[in-house]
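Written out below as structure tokens is the structure these notes cover.
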Amino acid sequence: MKKQGRRLPDTNVIVRYLVKDDIELYKQAKTFFDKVKTGEESALILESVIAECVYILTKIYKAPKEKTAESLKNLLRYRGIVNEDRVDLIKALSTYAEQSLDIVDCILYVKAKDTDAGLFSFDEDLNKLASDGR
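Residue 15 in this note's numbering is what sits at position 25 of the sequence shown, and the numbering runs on without skipping anything.
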């Protein structure tokens, strides 16, 4: 059953909104996110979409990881964002901006840290971060 007003924006919509490189698509994305910002519309941004946005923004558009993380954190703070894992994603983006790990590793780290799930990885940097308990 669909919930009224709840939308699942894809990577392209978010990227167009943040980089404004196609003015027509940007206007459509802005109209949507203006409503999400005020809570007039609800949006669920999937973890996979966040990861893909980070990749596109940093690798294709060469945006600094700190700016990318901040832009996506700001978006996740919009009133109409309904993610149950919003706080985890914001923490993961903060970790991503501060560490030399990719965004998926940062999400894993935060989810393991904030739950009773143990992290299992062969990535030495990720294991070091997890064992430091930061």
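For each residue, glycine too, the CB sits at the ideal point set by N, CA and C. Being a predicted model, the structure only gives us computed values, none of them experimental.
Boundaries of the alpha helix (DSSP H) around L62: K55 to L66. In the DSSP assignment, Y45 falls within the unbroken alpha helix (DSSP H) covering E37 to Y45. Between G70 and E37 a beta carbon distance of about 18 Å is seen, past the 8 Å cut, so the two are scored as non-contacting. Inter-segment contact for the stretch 97 to 114 and the stretch 47 to 66 is absent: fewer than three beta-carbon pairs are separated by less than 8 Å. In this structure, the beta-carbon distance from A33 to V72 falls below 8 Å.
Here R(-4) carries a strand assignment [DSSP, helix/strand/coil]. Under DSSP, A33 takes part in a beta bridge, and its partners are R(-3) and I71. Under the three-state reduction of DSSP output, D106 falls in the coil class, being neither helix nor strand. Counting the other Cβ atoms within 10 Å of the Cβ of I40 gives 16 or more, which makes it buried. F23 and V3 have their C-alpha atoms roughly 10 Å apart.
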